[in-house]
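Trainee: Under the numbering used here, the letters of the sequence shown match residues 4 to 233, in that order. In this text, a Cβ means the ideal position worked out from N, Cα and C, and glycines have one as well. Values in this document were obtained by computation on a predicted structure and should not be read as measured data.
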Amino acid sequence: MPKRLELPANDIRPRLHYPLYETNLHKLAVWFFRHALRPFMDMQVRGLEHVPARGAAVVVCNHLVDWDVFPLQLALPRMIYYMGKAELFQIPPVHWLFRQLGGFPVYRGERDRWALEHALKILASGQMVAMFPEGTRSRGKGLALAKPGAARLALEANCPLVVVSINGIQNLFKTFPRRAVVEVVIAPPIYPTENDTPLSLTDKIMFTMAANLPPELRGVYAERPAGWMG
């Protein structure tokens, strides 16, 4: 089993520049992938009216495959910033590229204070941070038990959660020459209340997400507990 990448003593992230605005490279990437994926993907988006036109928001989405971030960003009218596992950022040119595209590294399994503070800095600048609460890909096996990080971030920043459910991206390239139908459903935003805890808010997120997925992808959130008020 490979050794878990640990938080380094000489962490260089505080010395690097992570743009808090949409770079020209991000604009170019969105344009490129929108056109490059069109022959392979028929993306159908519902609920765009639920995306706040401005201001901070935490975007949460189910995690089917490695490239979920593509339909997620292409579906939303605003740039998203996202955490990526630190292993992806080890090569300096790749790290620079991810920074230009809104990515920033997080050391999983550690109390990575820098990643949390950077996410809060992004939200304080009025931008959107995207997270996958399951923490790992389900590969079409249904929603897994979610971690409370996204809910905790929204509570600390006092900002809404935009819940996105994606289905069909797991079939990308498998149906060619027919385009894979990729459905993206955006639920009305969830606003944290003073009574919410990270765990109760996580349940709200995940049951909302599950409601907009087909039954076979709802996983552990297929049935709401008896007496659950949401």
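Looking at Val48 and Ala133, is the spacing between their C-beta atoms short of 9 Å?
Mentor: Result no, Cβ atoms of Ala133 and Val48 do not sit closer than 9 Å.
Trainee: DSSP three-state call for Asn174: helix, strand or coil?
Mentor: Asn174 falls in the helix class under three-state DSSP.
Trainee: What three-state label does DSSP hand Lys124 in the structure shown?
Mentor: If DSSP states are grouped into helix, strand and coil, Lys124 belongs with the helices.
Trainee: Which of the three DSSP states, helix, strand or coil, is assigned to Phe43?
Mentor: Coil at Phe43, not helix or strand.
Trainee: Straight-line CA distance for Leu146 to Tyr224?
Mentor: Each residue's Cα considered, the two are about 7 Å apart.
Trainee: Between the beta-carbon of Arg182 and the beta-carbon of Pro42, is there less than 9 Å?
Mentor: It is a contact, given that the beta carbons lie within the stated cut-off.
Trainee: Using only alpha-carbon positions, find the residue among Asn198, Ile189 and Asp199 that is nearest to Gly296.
Mentor: The chain is shown from 4 up to 233; residue 296 falls before or after that span and cannot be answered.
Trainee: Give the C-beta separation of Asp69 and Ile169 to the nearest angstrom, bearing in mind that I take them to be a contact with Cβ-Cβ under 8 Å.
Mentor: Their Cβ separation, rounded to whole angstroms, is 13 Å, which puts Asp69 and Ile169 out of contact at 8 Å.
Trainee: Quick check on DSSP: helix, strand or coil for Tyr224?
Mentor: In this structure, Tyr224 counts as helix in the three-state DSSP scheme.
Trainee: When DSSP builds the beta bridges, which residues end up paired with Cys64?
Mentor: Answer is Val167, bridged to Cys64.
Trainee: Kindly indicate which three-state DSSP category Pro22 falls into: helix, strand or coil?
Mentor: Here Pro22 sits in coil by DSSP.
Trainee: Start and end of the alpha helix (DSSP H) containing Glu159?
Mentor: Gly152 to Ala160 is the extent of the alpha helix (DSSP H) around Glu159.
Trainee: Going by the beta-carbon positions, is the gap between Val185 and Asn198 smaller than 9 Å?
Mentor: No, they are not a contact pair.
Trainee: Leaving out the 5 sequence neighbours to the left and right, which residues in its chain are closer than 7 Å to Ile125 when beta-carbon positions are compared?
Mentor: So the qualifying residues of the chain are Leu23, Tyr84 and Val132.
Trainee: Just checking, does the region 74-84 make contact with the region 199-219 on the three C-beta pairs under 8 Å criterion?
Mentor: The region 74-84, when compared against the region 199-219, does not touch it at the 8 Å Cβ threshold.
Trainee: Report all residues from its chain with a CB closer than 7 Å to the CB of Leu104; omit the five preceding and five following residues, and keep chain order.
Mentor: Same-chain partners within the cutoff: Leu28, His29 and Ala32.
Trainee: Assuming Cys162 contacts Ala59 (C-beta within less than 8 Å), just tell me the rounded distance between them.
Mentor: Rounded, the Cβ-Cβ distance is 4 Å, consistent with contact.
Trainee: Should Leu91 be labelled buried (16 or more other beta-carbon atoms within 10 Å of its own) or exposed?
Mentor: By the 10 Å Cβ count, Leu91 comes out exposed.
Trainee: Mind reading off the beta-carbon distance from Ala118 to Phe107? Whole number of angstroms is fine, and I expect it under 8 Å.
Mentor: Going by Cβ atoms, the distance from Ala118 to Phe107 rounds to 7 Å, so yes, they are a contact pair.
Trainee: In this structure, does DSSP put Glu186 in helix, strand or coil?
Mentor: It is a strand residue.
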